[in-house]
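Residue numbers (the working numbering): 12 to 722.
Note that the Cβ used here is the ideal one computed from N, Cα and C, for glycine as well.
The model shown is predicted, which means the values in this text are computed figures rather than measured ones.
Data first, discussion second: the structure below is written as structure tokens.
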DNA sequence: ACCTGAAATATTTTT
DNA sequence: TATTTCAGGT
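This is the structure in structure tokens:
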């Protein structure tokens with residue numbers, strides 16, 4: 012570490028970095044060097060002789076954690092993989108893996124994701140004959156999650172009406188089922204560890220001694236249980252550094268409470284507050300827009316960004332005629348900026364909801380602009396991936412009923428509803444898992460010969476896999492499972508090539524994972540791999556082998572990042588602010604904060620787009636511009652109307668028809684082997700006629716039209 | 001038990 | 001529109 016690394020900090024930042032008191036709260040506006048302060052403060056502590064093992068840094072997203080690690084590594088020039096940097100869930104998980112016994116968990120507990128959770132609740136509702144039409148599953152899920160994130164167990168909740176009685180009944184049963192099956196959901200990770208700290212003072216003391224210096228980034232996003240967790244970790248001699256920005260609190264819907272920042276000053280009166288208000292990221296115009304907009308919120312701690320930068324460009328607002336026009340305008344501008352010397356990496360396209368990415372993606376593909384989409388349909392949430400994982404989970408933990416149910420008939424082996432019901436009954440009678448129920452059935456010979464044979468084969472298959480856990484390495488084991496189960500053939504039936512590719516990607520993911528992680532034995536590696544997948548759903552759908560690409564992501568996902576040029580699209584009433592957030596004032600203010608986050612991602616140039624018409628559930632809708640747009644002062648805006656009138660859908664799409672085929676440029680087509688793609692070019696004539704297609708997974712290929720079908 | 005096509009349904013953000 | 005569930009036929 013160089014001695015002069017601190018010389019490029021401003022006085023406020025320096026104050027925060029070198030603060031010597033016990034606790035410090037850094038109120039840091041967007042672009043004021045938040046992460047930078049954390050990273051430098053850690054570096055400074057190390058330079059003061061603090062041991063790296065005594066530092067804990069908590070973030071909210073995996074991306075933020077990775078970013079912090081990278082930056083630390085860069086300025087410290089030492090490997091920091093031993094340091095505790097990670098998300099809250101990550102921290103809780105690591106601790107629970109160490110102290111599983113004391114936390115009253117089974118050694119190989121499984122983390123379940125939201126989809127599993129919903130499935131579980133669904134099956135419980137089914138058992139209690141609850142009418143799903145009257146009681147949407149979502150309601151139960153929210154009830155359970157909100158309570159857990161408030162630290163409230165089912166036996167602590169006191170219902171005040173019939174509605175709550177029903178909700179509670181399911182919550183209670185959900186807890187029982189999770190315990191029986193060895194399941195731990197996301198909130199459970201945090202709740203468990205808090206409870207562990209409360210009842211086991213030894214472990215708490217151990218952790219307090221280890222984590223003497225605690226950093227929490229994005230503190231405005233903490234919920235009650237996370238707040239409690241931090242509080243539990245703080246001993247008399249602990250040092251706490253909190254960084255946050257109440258104006259960027261955008262996770263209220265999952266229980267985040269920006270009030271925690273105020274509460275902190277109340278709970279720790281000696282905490283010193285430092286405000287970072289100088290923005291280094293954006294031009295004056297962008298900062299002005301952001302300040303004016305956020306000023307319309309009533310609940311704020313109060314903070315005003317300023318910058319020394321020039322006015323810069325005006326904010327361009329473009330009124331599109333359709334979502335296609337919107338996408339094409341973006342393409343046009345991207346091409347313009349590339350010609351003017353910008354890199355694709357300087358550009359980001361941000362939206363309110365992930366569904367908006369589809370049409371933009373198609374146009375990017377068509378224009379051969381490399382891009383990377385973050386979020387959305389996560390790799391490990393895809394059905395075929397979950398099928399494979401279910402096999403792995405069942406092998407690691409025979410009593411995993413969710414996985415059992417998922418794959419007992421995948422590939423179809425003749426086990427239907429009736430047999431499954433019979434197995435469930437036996438499991439109920441014997442208070443055991445479906446796997447054990449199957450074995451009991453086989454001993455008692457209770458079902459028809461044919462079914463028994465199928466079940467025997469299934470049990471043998473799983474046992475074969477179990478036997479190989481210690482013989483094969485992780486990726487070979489997974490590959491073995493895929494082979495022995497015939498999953499590849501099964502998915503071929505759905506003529507979706509992408510599914511098979513995805514399956515093969517798990518093998519690669521496992522291979523890479525085992526390179527990085529060392530464990531005592533194969534089973535624990537397997538379990539760690541499964542946990543890793545649940546907690547860090549990295550996007551493997553990387554359509555781009557290029558280092559340089561345009562970034563597409565939701566505004567939520569973009570928090571903490573910055574780009575030279577930013578496109579905010581779909582700035583329409585109902586979409587942003589989202590229709591579900593308009594109803595009440597708190598959620599509307601949260602939408603405005605999200606809008607503020609979106610604006611402040613841009614360093615140099617900001618585009619905002621909305622469309623006068625948009626396809627909503629298959630119907631063309633007239634749209635109104637977002638109310639937030641009108642909150643931006645007019646003198647900061649340039650209205651780009653040049654294409655407004657003459658531009659029509661498909662305006663520049665050349666058609667190409669022969670007597671057998673009918674294609675247009677930009678058309679979405681499917682190839683039996685290469686999967687989905689976009690028509691890029693036509694070549695030749697008559698029998699030599701061919702079509703160049705840019706495939707999502709395989710890039711550009713020249714294809715005979717007879718192999719292409721419409722999506 | 002499985003397949004098929006029709007009908008219903010749901011559309012936010014993430015660990 | 002895209003996905004999931006449902007009902008009825010094989």
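I need the straight-line Cα distance from residue 259 to residue 605, nearest angstrom please.
7 Å
Residue range of the beta strand (DSSP E) that includes residue 146:
Element bounds for residue 146: n/a, residue is neither H nor E.
Give the secondary structure of residue 21 by DSSP, where H, G and I count as helix, E and B as strand, and everything else as coil.
coil
DSSP state of residue 314, grouped into three classes?
coil
Going by the DSSP bridge assignment, what does residue 283 pair with across the sheet?
35
So, helix, strand or coil for residue 655, using DSSP?
Only weak support exists for where residue 655 lies, its pLDDT of 46 falling under 50; the value from the coordinates is given anyway. Residue state, collapsed to three classes: coil.
Uninterrupted beta strand (DSSP E) stretches inside the segment 183-243 (no shorter than 3 residues):
194-196 and 224-227
So the candidates are 285, 681 and 350; which of them puts its Cα closest to the Cα of residue 40?
285
Of the residues 81, 18, 73 and 43, which one's Cα is nearest the Cα of residue 55?
18
Compute the Euclidean distance between the alpha carbons of residue 117 and residue 109, then round it to the nearest angstrom.
12 Å
Starting from the N-terminal side, write out each stretch of the alpha helix (DSSP H) that is 4 residues or longer and does not extend beyond the segment 408-477.
412-418, 428-441 and 445-455
Got a sec? Which residues, its chain only, sit under 6 Å from residue 103 by beta carbon, not counting five neighbours each side?
200, 201 and 204
Hey, how far is the Cα of residue 359 from the Cα of residue 170?
47 Å
Tell me the DSSP secondary structure of residue 95 in three-state form.
strand
The beta strand (DSSP E) spanning residue 609 covers which residue range?
No beta strand (DSSP E) holds residue 609; the alpha helix (DSSP H) holding it covers 596-610.
Rounded to a whole number of angstroms, what is the C-alpha to C-alpha distance between residue 211 and residue 246?
15 Å
Tell me residue 68's beta-bridge partners as DSSP assigns them.
96 and 226
Identify, in the order they occur along the chain, each residue of the same chain with its Cβ nearer than 8 Å to the Cβ of residue 272, setting aside the five sequence neighbours on each side.
36, 38, 230, 231, 253, 255, 257 and 312
Please state if the CB of residue 163 and the CB of residue 639 are separated by a distance shorter than 8 Å.
no
Quick check on residue 76: does DSSP put it in helix, strand or coil?
helix
Alpha-carbon spacing of residue 424 relative to residue 139, whole angstroms:
29 Å
To which residues of the same chain is residue 126 closer than 8 Å at the C-beta, ignoring the five residues directly before and after it?
392 and 397
Does the segment 520-534 come close enough to the segment 310-326 to have 3 or more Cβ pairs within less than 8 Å?
no
Hey, residue 69 and residue 226: beta-carbon distance below 8 Å or not?
yes
At which residues does the beta strand (DSSP E) containing residue 327 begin and terminate?
326-331
6 Å Cβ shell around residue 356 - same chain, five flanking residues per side excluded:
559
Apply the 10 Å Cβ neighbour rule to residue 374 and answer buried if 16 or more other Cβ atoms are within range, or exposed otherwise.
buried
Under the three-state reduction of DSSP, which class applies to residue 251: helix, strand or coil?
strand
Shortest alpha-carbon distance to residue 407 belongs to which of 492, 342 and 339?
492
By how many angstroms is the C-alpha of residue 401 removed from the C-alpha of residue 197?
18 Å
Starting from residue 110, trace the beta strand (DSSP E) both ways and give me its first and last residue.
Segment: none, residue 110 is in no beta strand (DSSP E) and carries neither H nor E.
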